Amino acid sequence: EAGVAQSPRYKIIEKRQSVAFWCNPISGHATLYWYQQILGQGPKLLIQFQNNGVVDDSQLPKDRFSAERLKGVDSTLKIQPAKLEDSAVYLCASSLRTSDANEQFFGPGTRLTVL
Amino acid sequence: SQQGEEDPQALSIQEGENATMNCSYKTSINNLQWYRQNSGRGLVHLILIRSNEREKHSGRLRVTLDTSKKSSSLLITASRAADTASYFCATDARGGGFKTIFGAGTRLFVKA
């Protein structure tokens, strides 16, 4: 079974530039998550989709971050404009949504460096 | 904000010893999960324990959950160098729309 795919794996940009990340979840997984993981910390949920609807985006800095999941499959996360503090690994995960358990499968992540 | 808080922050042991990590959380949960993260395999799900369960085993892993104390522990028995990684607990808060919140993690180093 193919895992969660993410691209690019690495990205270096200057502050105030824009960047986009792409995620392809495991086939059949209804739920898709984007996390931000700053070095030395645990992943922080940015946004959660159920099919193509947003379940939670309470920690997404909406003035600069946006995400979409067209057709309930692939997803993109965009940062515009980037700040130095956005340097982190951006993880995408997917899960089958059951009533009380949601084992999440993570992609390899995109390491973003903002200079 | 992080719901789960792991303890200790870092742990160094010899191969063959047992490693115990603890997690405390703040609000009522549906379930609690443990994940492992290393540079080779990224973030990987280890085990899930539901709020009505008290103990669960998977291979060399043993997880306990005490909902009255809002805490969980992960025991790795007979550790191996390959167990070197960061370990995170993640909680699904009740009434939170199944939003998963990760702790800051315990960094385990197993010396060969």
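Chains as they are written, first to last, in the numbering used here: chain H, -3 to 111; chain Z, 140 to 251.
A virtual CB, placed ideally from N, CA and C, is assigned to each residue, including glycine.
These numbers come from a predicted model, not from an experiment.
Any beta carbon from chain H within less than 8 Å of residue i's own beta carbon?
{"i": "Z/Val249", "result": "no"}
{"i": "Z/Leu182", "result": "yes"}
{"i": "Z/Ala243", "result": "yes"}
{"i": "Z/Ile240", "result": "yes"}
Does the beta-carbon of residue i have 16 or more other beta-carbons within 10 angstroms, so that it is buried, or is it exposed?
{"i": "Z/Ser229", "result": "In the sequence under discussion, the amino acid at residue 229 of chain Z is Ala, which differs from the Ser named in the question. Answer is buried; the Cβ neighbour count reaches 16."}
{"i": "H/Ser14", "result": "exposed"}
{"i": "H/Val50", "result": "exposed"}
{"i": "H/Ile34", "result": "exposed"}
{"i": "H/Gln76", "result": "exposed"}
{"i": "H/Ile43", "result": "buried"}
{"i": "H/Tyr6", "result": "exposed"}
{"i": "Z/Val183", "result": "exposed"}
{"i": "H/Ala78", "result": "buried"}
{"i": "Z/Glu145", "result": "buried"}
Can you tell me where the beta strand (DSSP E) with residue i in it begins and where it stops?
{"i": "Z/Tyr164", "result": "Neither: Z/Tyr164 is in no beta strand (DSSP E) and is coded neither H nor E."}
{"i": "H/Ile75", "result": "71 to 75"}
{"i": "H/Lys40", "result": "40 to 46"}
{"i": "Z/Lys195", "result": "194 to 197"}
{"i": "Z/Val231", "result": "For the sequence presented, residue 231 of chain Z should be read as Asp rather than Val. That run of the beta strand (DSSP E) goes 224 to 232."}
Could one say the Cβ of residue i lies closer than 8 Å to chain Z's Cβ atoms, at least one of them?
{"i": "H/Leu56", "result": "no"}
{"i": "H/Glu113", "result": "Here chain H comprises residues numbered -3 to 111, so residue 113 of chain H is not present and cannot be evaluated."}
{"i": "H/Gly38", "result": "yes"}
{"i": "H/Gln32", "result": "no"}
{"i": "H/Asn98", "result": "yes"}
**Prompt:** Touching or not, the segment 79 to 92 of chain H and the segment 149 to 169 of chain Z, by the rule of three or more beta carbon pairs under 8 Å?
**Reply:** The answer is no - the segment 149 to 169 of chain Z does not touch the segment 79 to 92 of chain H, with fewer than three Cβ pairs under 8 Å.
**Prompt:** Just checking, does the segment 203 to 219 of chain Z make contact with the segment 15 to 31 of chain H on the three C-beta pairs under 8 Å criterion?
**Reply:** Contact fails: fewer than three Cβ-Cβ distances are below 8 Å.
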